[in-house]
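Peer 1: Please see the structure below; I have some questions.
Numbering (this note's numbering), first residue to last: 8 to 803.
What follows is the structure in structure tokens.
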């Protein structure tokens with residue numbers, strides 16, 4: 008990898024933190040020695056009974072205090088740098104355990120600037136990042152890459168993120184590099200010297216990172232191993248996914264001054280000093296032992312809900328339940344229930360360290376989130392302690408399905424819990440009945456496993472439904488079943504019927520059915536939203552991937568579908584009411600906003616909607632070519648209509664490269680070429696946003712022609728709401744086109760032909776590259792318009 012003289016370089020290498028750590032530990036020892044040197048005369052005078060002479064001893068006292076503070080600073084700073092270095096190296100080793108070849112994969116990406124293949128992977132906007140056409144190496148996780156790119160572009164828009172082999176980054180210590188920044192100068196003054204103030208705004212930053220930092224940890228890559236190996240692998244995956252966001256945060260903290268300002272020795276020094284500040288370190292350490300530790304535990308759980316250990320999360324749930332007012336007997340029984348579930352989920356590999364979506368951690372998160380989402384008074388109903396307890400039991404059991412793993416594909420398997428199985432299982436074992444019928448001592452025996460007099464009993468090893476023979480279940484058990492049915496997603500007819508049947512059975516038994524319905528809806532909201540309320544964007548993406556794997560959904564649609572889900576979810580009045588309440592933790596609101604931005608920014612239709620919205624303030628008309636195979640028509644037309652704005656959606660990678668090459672030498676401000684698939688983008692363009700759709704139909708019988716005819720039919724039928732009130736569709740055909748076939752595609756009851764014209768264009772419109780020519784071409788443009796006020800007259 009060559010570096011020209013017009014490029015500046017900054018490197019973040021783990022060895023630099025080693026040097027800083029050594030410096031501060033040396034500072035600590037040196038300060039310790041000087042403290043002793045200056046303190047000895049003072050201590051000697053103190054024990055000999057001499058009074059302190061300020062005129063004589065003030066310098067010794069000053070240097071003693073300063074040296075002591077330096078010793079403390081050095082120890083604390085050493086700890087900070089040492090922890091970060093160990094985190095980086097430990098994560099690297101874990102990644103190598105998962106994939107021994109990570110960091111050594113060969114991969115090349117076409118660079119449109121040099122027209123050559125460059126080592127490593129980089130996103131060059133050939134197609135939209137989340138489009139299925141954007142091929143990435145199998146070892147690369149799109150979510151991790153997008154997270155880093157998004158965070159870097161918040162600081163500076165002119166960033167290109169490259170992923171390369173460990174030995175490739177331009178440094179002598181390649182394998183120790185965490186990130187390398189190359190700043191390419193674009194402008195020079197009249198004397199040939201670089202203008203730093205101008206350059207920092209316009210220069211291109213190449214951010215080079217190693218492969219392990221974006222390692223693909225999809226479970227399907229590793230679930231071909233034995234159960235024993237899978238348990239180890241799930242623990243490693245969990246640690247890797249937990250550590251990488253911390254390393255990303257460290258990279259952003261370390262490199263922000265370089266990207267935001269002109270990087271130099273002073274900015275680097277200030278970054279290291281900022282990281283070692285004693286006040287910041289002291290506060291983070293002492294707050295753990297100061298009064299109010301329980302409140303801080305709740306705050307810590309709120310901030311790290313998706314990553315805390317199972318035991319810590321269970322403790323936080325009980326702590327939160329105690330603050331609500333649930334009595335000690337009930338808290339004890341809740342603790343016993345969670346211990347039983349821990350053993351049950353461990354049996355199927357869904358306990359501590361599991362990276363699958365529907366694991367025990369998810370159920371505990373739902374229980375914790377439901378306590379935060381259900382206020383003590385809502386919509387005129389007062390929520391009692393008993394209501395909270397019933398909801399907690401339902402939340403803990405809502406995904407309990409030991410029969411998971413019934414879908415096998417060779418050695419691979421998919422584990423998806425079903426509400427029907429959950430209800431059948433808890434009714435067979437009578438777990439929820441036992442909770443409400445037995446006291447805590449009896450519940451311990453209910454979960455105790457007896458094998459033989461010679462073998463020790465196992466706590467929480469089984470369930471004994473026979474202990475409840477002859478006992479009728481309490482009404483609370485039916486409420487738990489109803490709440491669990493309400494968590495089924497999608498809430499289909501079967502779940503709806505079972506839920507309503509249970510509500511009928513509960514009615515007139517000292518419980519308000521309306522209040523139960525409200526609690527059930529809030530529990531369902533907690534189940535659906537907890538991933539996005541409790542995770543940072545990267546962890547949310549990892550969990551969405553796991554969910555799509557379990558449900559066998561196409562992963563290429565994860566971003567756009569999740570964005571739509573979050574948008575619809577946010578519009579729900581009950582959810583908006585809950586998260587806008589003063590008592591709802593602010594950290595959850597912030598995480599929801601960050602996750603929403605992550606998926607919303609990745610949705611290609613949102614980019615086009617924002618582009619159109621901005622263009623509407625500057626131009627009279629918005630034209631969109633919905634499936635551009637050759638951009639020559641747009642390049643020729645846009646400069647002739649400078650009061651109109653043109654957008655071309657291009658799916659073909661080669662055409663994007665060719666168009667970028669053509670546009671690089673032109674100044675066409677009213678033309679934007681965007682990569683993307685029209686099938687994914689058109690449905691989500693806002694209604695009445697486009698003034699004119701353009702589509703070119705070729706005379707050949709290629710697959711592209713068939714696709715364009717299908718898109719035209721969709722424009723005429725499904726997407727005509729996207730047109731403005733007087734919106735039009737322009738169909739461009741070659742003169743030899745079968746005109747009648749095109750006319751048959753235009754339904755007479757919905758559109759009218761307002762004009763047909765001939766035009767000479769430069770560059771071939773034919774999609775067959777073997778017939779490509781640069782000669783002038785005669786084309787026919789048919790313009791049609793939506794009929795208004797049931798006017799069915801068609802101009803011919």
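Glycine included, C-beta positions come from ideal geometry on N, C-alpha and C.
To the nearest whole angstrom, what separates the beta carbons of residue 605 and residue 548, a pair I think is in contact under 8 Å?
Peer 2: Sequence index remark: in the chain shown, residue 605 carries index 598 (1-based). Sequence index remark: in the chain shown, residue 548 carries index 541 (1-based). With a Cβ gap of about 7 Å, residue 605 and residue 548 count as contacting.
Peer 1: Using three-state DSSP, classify residue 335 as helix, strand or coil.
Peer 2: For this step, residue 335 is matched to residue 328 along the chain shown. If DSSP states are grouped into helix, strand and coil, residue 335 belongs with the helices.
Peer 1: Could you tell me which residues DSSP pairs with residue 213 in its beta bridges?
Peer 2: Locating residue 213 in the chain shown gives position 206, counting from the first residue. BP columns for residue 213 point to 167, 189.
Peer 1: Are residue 218 and residue 151 closer than 8 Å when you measure CB to CB?
Peer 2: Here residue 218 corresponds to residue number 211 of the chain shown, with the count starting at 1. Here residue 151 corresponds to residue number 144 of the chain shown, with the count starting at 1. In this structure, residue 151 does not lie closer than 8 Å to residue 218 by Cβ.
Peer 1: Distance check for residue 518 and residue 357, CA to CA, integer angstroms please.
Peer 2: In the chain shown, residue 357 corresponds to position 350, counting from 1. In the chain shown, residue 518 corresponds to position 511, counting from 1. Computed Cα separation, rounded: 35 Å.
Peer 1: Do residue 408 and residue 432 come within 8 Å of each other at the CB atom, strictly closer than that value?
Peer 2: Working through the chain shown from its first residue, we reach residue 432 at position 425. Working through the chain shown from its first residue, we reach residue 408 at position 401. Cβ distance < 8 Å, so residue 432 and residue 408 count as in contact.
Peer 1: Give the DSSP-derived three-state secondary structure of residue 787 in the structure shown.
Peer 2: Locating residue 787 in the chain shown gives position 780, counting from the first residue. It is a strand residue.
Peer 1: With DSSP collapsed to three states, give me the class of residue 443.
Peer 2: Counting from one through the chain shown, the residue named residue 443 turns up at place 436. Helix, per DSSP.
Peer 1: Note down the Cα distance separating residue 405 from residue 370, rounded to an integer number of angstroms.
Peer 2: Along the chain shown, read from residue 1 onward, the residue named residue 405 stands at position 398. Along the chain shown, read from residue 1 onward, the residue named residue 370 stands at position 363. Distance between the alpha carbons of residue 405 and residue 370: 7 Å.
Peer 1: Hey, residue 364 and residue 249 are a contact pair by Cβ (cut 8 Å); roughly how many whole angstroms apart?
Peer 2: Looking up residue 364 in the chain shown gives position 357. Looking up residue 249 in the chain shown gives position 242. Rounded, the Cβ-Cβ distance is 16 Å, inconsistent with contact.
Peer 1: By a C-beta neighbour count over all protein chains shown, 10 Å radius and 16 as the cutoff for buried, is residue 224 buried or exposed?
Peer 2: Within the chain shown, residue 224 is the residue found at index 217, counting from 1. When all chains shown are included, residue 224 counts as buried.
Peer 1: With a cut-off of 8 Å, do at least 3 Cβ pairs link the stretch 431-449 to the stretch 477-497?
Peer 2: Flag = yes, the stretch 431-449 and the stretch 477-497 touch.
Peer 1: Please go through the stretch 580-623 and give each complete alpha helix (DSSP H) segment of 4 or more residues, from N-terminal end onward.
Peer 2: Here the runs fully enclosed are 580-586, 593-609, 611-623.
Peer 1: For the alpha helix (DSSP H) that contains residue 398, what are its first and last residues?
Peer 2: Within the chain shown, residue 398 is the residue found at index 391, counting from 1. Residues 392-404.
Peer 1: Report buried or exposed for residue 312, applying the criterion of at least 16 other Cβ atoms within 10 angstroms of its Cβ.
Peer 2: On the chain shown, residue 312 is found 305 positions in, with the first residue counted as 1. By the 10 Å Cβ count, residue 312 comes out buried.
Peer 1: For residue 729 and residue 704, I'd like the C-alpha separation in whole angstroms.
Peer 2: Counting from one through the chain shown, the residue named residue 729 turns up at place 722. Counting from one through the chain shown, the residue named residue 704 turns up at place 697. Approximately 21 Å, taken between the alpha carbons.
Peer 1: Any idea if residue 506 is buried or exposed, counting beta-carbon neighbours within 10 angstroms, 16 or more meaning buried?
Peer 2: Taking the chain shown and counting its residues from 1, one reaches residue 506 at position 499. Buried, because 16 or more other Cβ atoms sit within 10 Å of the Cβ of residue 506.
Peer 1: Is it the case that the Cβ atoms of residue 222 and residue 170 are separated by a distance below 8 Å?
Peer 2: Translated into positions along the chain shown, residue 222 becomes position 215. Translated into positions along the chain shown, residue 170 becomes position 163. It is not a contact, given that the beta carbons lie outside the stated cut-off.
Peer 1: Which residues share a DSSP beta bridge with residue 631?
Peer 2: One-based indexing of the chain shown puts residue 631 at position 624. Answer is 654, 700, bridged to residue 631.
Peer 1: Just to confirm before moving on: does the CB-CB distance between residue 533 and residue 513 stay below 8 Å?
Peer 2: Along the chain shown, one-based indexing puts residue 533 at 526. Along the chain shown, one-based indexing puts residue 513 at 506. Their beta carbons are not under 8 Å apart, which means residue 533 does not touch residue 513 by this criterion.
Peer 1: Can you say whether residue 15 is buried or exposed, counting buried as having 16 or more other CB atoms within 10 angstroms of its CB?
Peer 2: Taking the first residue of the chain shown as position 1, residue 15 is located at position 8. Buried.
Peer 1: As a quick exercise: from 40, 83, 71, pick the residue whose alpha carbon is nearest that of residue 28.
Peer 2: Position 21 of the chain shown, counting from 1, holds the residue named residue 28. Of 40, 83, 71, the residue nearest in Cα terms is 83.
Peer 1: Which residues does DSSP list as the beta-bridge partners of residue 765?
Peer 2: Numbered from 1 along the chain shown, position 758 holds the residue referred to as residue 765. In DSSP, residue 765 forms a bridge with 787.
Peer 1: If we count Cβ pairs, one from each stretch, closer than 8 Å, do we get three or more for the stretch 521-528 versus the stretch 454-472?
Peer 2: Verdict: no, contact absent.
Peer 1: I need the straight-line Cα distance from residue 417 to residue 559, nearest angstrom please.
Peer 2: Looking up residue 417 in the chain shown gives position 410. Looking up residue 559 in the chain shown gives position 552. Low local confidence applies: a pLDDT of 39 at residue 417 is under 50, so the model's placement there is unreliable, and no value is given.
Peer 1: What does the Cβ neighbour count give for residue 113, buried or exposed, with the cut at 16 atoms within 10 Å?
Peer 2: For the purposes of this step, residue 113 is taken as residue 106 along the chain shown, with counting starting at 1. Burial call: exposed.
Peer 1: Pick out whichever of 78, 603, 45, 46 has its Cα sitting closest to the Cα of residue 37.
Peer 2: By 1-based counting over the chain shown, the position of residue 37 is 30. That would be 78, whose Cα lies nearest to the Cα of residue 37.
Peer 1: Using a threshold of 8 Å, state whether the C-beta atoms of residue 654 and residue 682 are closer than that.
Peer 2: For this step, residue 654 is matched to residue 647 along the chain shown. For this step, residue 682 is matched to residue 675 along the chain shown. For residue 654 and residue 682, no; Cβs fall outside 8 Å.
Peer 1: Cα separation between residue 787 and residue 694?
Peer 2: The residue you call residue 787 lines up with position 780 of the chain shown. The residue you call residue 694 lines up with position 687 of the chain shown. Roughly 28 Å between the two C-alpha positions.
Peer 1: Measure the C-alpha to C-alpha separation of residue 26 and residue 279 and round it to an integer number of angstroms.
Peer 2: Counting from 1 along the chain shown, the entry for residue 26 is found at position 19. Counting from 1 along the chain shown, the entry for residue 279 is found at position 272. Using only the alpha carbons, I get a separation of about 11 Å.
Peer 1: Who are the near neighbours of residue 790 in its chain, counting only those whose CB is closer than 6 Å to its CB and skipping five residues on each side?
Peer 2: One-based indexing of the chain shown puts residue 790 at position 783. Closer than 6 Å at the Cβ level, and outside the excluded window around residue 790, lie 735, 737, 761, 762.
Peer 1: Give a yes or no on whether the C-beta atoms belonging to residue 640 and residue 677 are separated by under 8 Å.
Peer 2: Taking the first residue of the chain shown as position 1, residue 640 is located at position 633. Taking the first residue of the chain shown as position 1, residue 677 is located at position 670. No. Outside cutoff.
Peer 1: Relative to the C-alpha of residue 382, which candidate in 597, 529, 108, 127 has its C-alpha closest?
Peer 2: What you label residue 382 is simply residue 375 of the chain shown in a count that begins at 1. Residue 529 is the option with its Cα nearest to residue 382.
Peer 1: Return the residue from the list 116, 680, 624 that minimises the CA-CA distance to residue 696.
Peer 2: If you number the chain shown from 1, residue 696 lands on position 689. For the residues 116, 680, 624, the minimum Cα distance to residue 696 belongs to 624.
Peer 1: Looking at the structure shown, is residue 695 part of a helix, part of a strand, or coil, going by DSSP?
Peer 2: Taking the first residue of the chain shown as 1, we reach residue 695 at position 688. Residue state, collapsed to three classes: coil.
Peer 1: Find the nearest neighbour of residue 21 within the set 462, 366, 68, 97, judged by alpha-carbon distance.
Peer 2: As a first step, residue 21 must be located in the chain shown, where it is residue number 14. Among 462, 366, 68, 97, the Cα nearest to that of residue 21 belongs to 97.
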